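Student: Residue numbers (this note's numbering): 431 to 777.
C-beta atoms are modelled at their ideal positions from N, C-alpha and C, and glycine is treated no differently.
Predicted, not measured: the structure shown is a model, and the values here were computed from it.
Quick look at the structure:
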């Protein structure tokens with residue numbers, strides 16, 4: 431059986447200490463970049479492979495004890511609201527999952543707001559390196575999948591995972607609910623309940639943010655309906671917030687008997703227009719919330735997205751994967767159906 435190349439072997443070949451070799455292979459910024467590159471190159475040439483069993487045992491060790499000093503990760507609030515981690519309707523659920531899983535694995539978080547004017551990229555980078563933080567999780571992207579360009583130099587030094595959406599500049603690995611499956615299963619559930627003309631109400635900004643996976647799942651689900659009952663989605667939610675004319679015209683023209691939506695605002699519109707729920711029209715929430723169990727819909731399980739993001743970023747750290755990857759990885763979380771009195775069985 432061929433003997434594994436050890437840290438000691440690399441240390442002897444290069445004349446560095448075993449500790450220096452270990453730090454360099456973990457991309458630790460304490461070691462100069464040129465030295466890290468030399469050590470990593472030599473390790474690859476010698477056929478060095480990290481021991482997965484040891485990495486697993488270290489993770490178990492962290493999980494089974496409460497160390498006085500925990501390893502640190504960073505939670506980056508990418509939302510425009512500095513209080514989104516506690517005040518937003520859904521973002522706190524991601525944070526709950528992140529913190530729970532990190533604690534299980536022996537990690538703790540430092541939190542930063544991406545739009546803090548006093549937190550320049552240079553200052554953030556210095557803070558992260560000073561605190562020996564190796565991994566970042568970005569939470570709260572709701573209006574754009576593009577991160578501030580001047581932070582590009584920051585991401586390149588760390589293991590990074592985005593939650594909720596796939597970022598496009600830069601392209602980071604990400605974890606989110608399976609939006610396509612969520613929309614498709616919503617249509618299937620509506621048909622199962624006997625609805626004949628279910629329709630999607632979502633703002634185009636959000637649909638574009640997830641590469642139109644909401645509308646794609648919806649349109650695929652519609653294939654099970656007769657052509658005459660396939661209603662085009664209503665995509666002007668933000669514009670309608672200033673006046674109901676467009677929404678009213680769409681309702682009058684297409685006469686849907688159920689709506690799929692993300693917004694409580696739509697329920698208020700229906701009430702204002704005199705529609706009874708579920709008597710006149712059923713409502714399916716595409717992001718079911720425990721605070722509103724009366725609205726049936728799909729539970730996105732955002733806390734599981736948070737947990738998965740922690741697993742992903744720690745895996746990247748163990749594998750020395752830092753910066754924007756050439757081939758970003760994605761992890762999709764399956765949604766879960768939750769019944770409620772906002773819908774009813776149709777004859």
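Could you pull out every residue in the same chain whose Cβ sits closer than 8 Å to the Cβ of residue 731, ignoring the five residues on either side in sequence?
Tutor: If we look at residue 731 and ignore the five residues flanking it on each side, its Cβ neighbours are 607, 763, 764, 765, 766.
Student: Quick one: measure Cβ to Cβ for residue 639 and residue 575, integer angstroms, because I've assumed they're closer than 8 Å.
Tutor: Residue 639 to residue 575, Cβ: 6 Å. Contact.
Student: Who pairs with residue 772 in a beta bridge, going by DSSP?
Tutor: BP columns for residue 772 are empty, so no partner.
Student: Looking at C-alpha atoms only, which residue of 710, 655, 619, 460 is the closest neighbour of residue 559?
Tutor: The option with the nearest alpha carbon to residue 559 is 460.
Student: Would you mind sorting residue 476 into buried or exposed? The rule is 16 or more other CB atoms within 10 Å of its CB.
Tutor: Its Cβ having fewer than 16 others within 10 Å, residue 476 is exposed.
Student: Given a cut-off of 8 Å, decide if residue 515 and residue 521 are closer than it, judged by their beta-carbon atoms.
Tutor: It is a contact, given that the beta carbons lie within the stated cut-off.
Student: Mind checking whether residue 590 and residue 554 have CB atoms under 8 Å apart?
Tutor: No, these two residues do not count as a Cβ contact at 8 Å.
Student: For residue 699 versus residue 677, is the C-beta distance shorter than 8 Å?
Tutor: In this structure, residue 677 lies closer than 8 Å to residue 699 by Cβ.
Student: Cα separation between residue 469 and residue 727?
Tutor: Looking at the two C-alpha atoms, the distance is approximately 53 Å.
Student: Would you check if the stretch 715–722 and the stretch 678–695 touch, i.e. whether three or more CB-CB distances between them fall below 8 Å?
Tutor: Contact between the stretch 678–695 and the stretch 715–722 is present, because at least three Cβ pairs lie under 8 Å.
Student: With three or more C-beta pairs closer than 8 Å as the rule, is the stretch 733–742 touching the stretch 598–613?
Tutor: Flag = yes, the stretch 598–613 and the stretch 733–742 touch.
Student: Going by C-alpha distance, which of 775, 769, 777, 746 is nearest residue 455?
Tutor: When each option's Cα is compared against that of residue 455, the closest is 746.
Student: In this structure, how does DSSP classify residue 499 when only helix, strand and coil are distinguished?
Tutor: Reliability fails at residue 499, whose pLDDT of 46 lies under 50, so the model's placement of it is uncertain and the value that follows must be treated cautiously. Residue state, collapsed to three classes: coil.
Student: Quick check on the burial criterion: 16 or more other C-beta atoms within 10 angstroms. Buried or exposed for residue 628?
Tutor: The residue in question, residue 628, is buried, as its Cβ has 16 or more Cβ neighbours within 10 Å.
Student: How big is the Cα-Cα spacing for residue 573 and residue 757?
Tutor: When rounded, the distance between both Cα atoms is 24 Å.
Student: Between the alpha carbons of residue 431 and residue 585, how many angstroms are there, rounded?
Tutor: Low confidence applies to residue 431: its pLDDT is 48, below 50, so where it sits in the model is not reliable enough to give any reading.
Student: With respect to the beta strand (DSSP E) encompassing residue 593, which residues constitute its N-terminal and C-terminal limits?
Tutor: Where residue 593 is concerned, the enclosing beta strand (DSSP E) stretches over 589–593.
Student: With C-beta atoms as the reference, is residue 610 less than 8 Å away from residue 643?
Tutor: Yes, the Cβ-Cβ distance between residue 610 and residue 643 is below 8 Å.
Student: Taking the beta carbon of residue 708 as the centre, do at least 16 other beta carbons fall within 10 Å, making it buried, or is it exposed?
Tutor: Residue 708 is buried by the Cβ-count criterion.
Student: Enumerated in chain order, which unbroken segments of the alpha helix (DSSP H) with a length of 4 residues or greater are wholly contained in the stretch 634–688?
Tutor: Segments of the alpha helix (DSSP H) lying fully in the stretch 634–688: 634–639, 643–651, 667–670, 675–684.
Student: Got a sec? Which residues, its chain only, sit under 7 Å from residue 665 by beta carbon, not counting five neighbours each side?
Tutor: The residues are 632, 633, 634, 637.
Student: Within the same chain, show all residues whose beta-carbon is closer than 8 Å to that of residue 612, passing over the 5 residues directly before and after it, in chain order.
Tutor: Cβ neighbours of residue 612 beyond the five flanking positions: 644, 647, 716, 728, 730, 765.
Student: With DSSP as the reference, please indicate the residues paired to residue 757 in a beta bridge.
Tutor: Answer is none; residue 757 lacks a bridge partner.
Student: Suppose you measure from the CA of residue 463 to the CA of residue 526; what does that come to, to the nearest Å?
Tutor: Answer to the nearest angstrom: the Cα atoms are 35 Å apart.
Student: What are the boundary residues of the beta strand (DSSP E) that includes residue 534?
Tutor: Counting along the chain, residue 534 falls outside any beta strand (DSSP E), though it belongs to the alpha helix (DSSP H) covering 521–534.
Student: Can you give the Cα-Cα distance for residue 705 and residue 661, rounded to whole angstroms?
Tutor: If you take the alpha carbons of residue 705 and residue 661, they lie about 19 Å apart.
Student: Could you check whether the Cβ of residue 534 sits closer than 8 Å to any Cβ belonging to chain D?
Tutor: As a matter of chain content, chain D is missing from the structure shown, which is built from one protein chain.
Student: Taking C-alpha atoms, which residue in 649, 718, 549 lies nearest to residue 770?
Tutor: Taking only the C-alpha atoms, the option nearest residue 770 is 718.
Student: Which residues in the same chain as residue 447 place their Cβ atom closer than 8 Å to its Cβ, once the five residues preceding and following it in sequence are excluded?
Tutor: Same-chain partners within the cutoff: 441.
Student: Out of curiosity, what's the CA-to-CA distance linking residue 518 and residue 508?
Tutor: Rounded to the nearest angstrom, the two C-alpha atoms are 12 Å apart.
Student: With distances taken from CA atoms, which of 672, 600, 684 is nearest residue 657?
Tutor: The candidate whose alpha carbon is nearest that of residue 657 is 684.
Student: Could you say which of 510, 547, 626, 504 lies nearest to residue 532 if we only look at CA atoms?
Tutor: With distances taken between Cα atoms, residue 532 lies closest to 504.
Student: Look at residue 569 and residue 593 and say whether their C-beta atoms are less than 8 Å apart.
Tutor: Contact flag set, yes.
Student: Rounded to whole angstroms, what's the CA-CA distance from residue 686 to residue 595? Just pull it up for me.
Tutor: Their backbone Cα atoms lie some 29 Å apart in a straight line.
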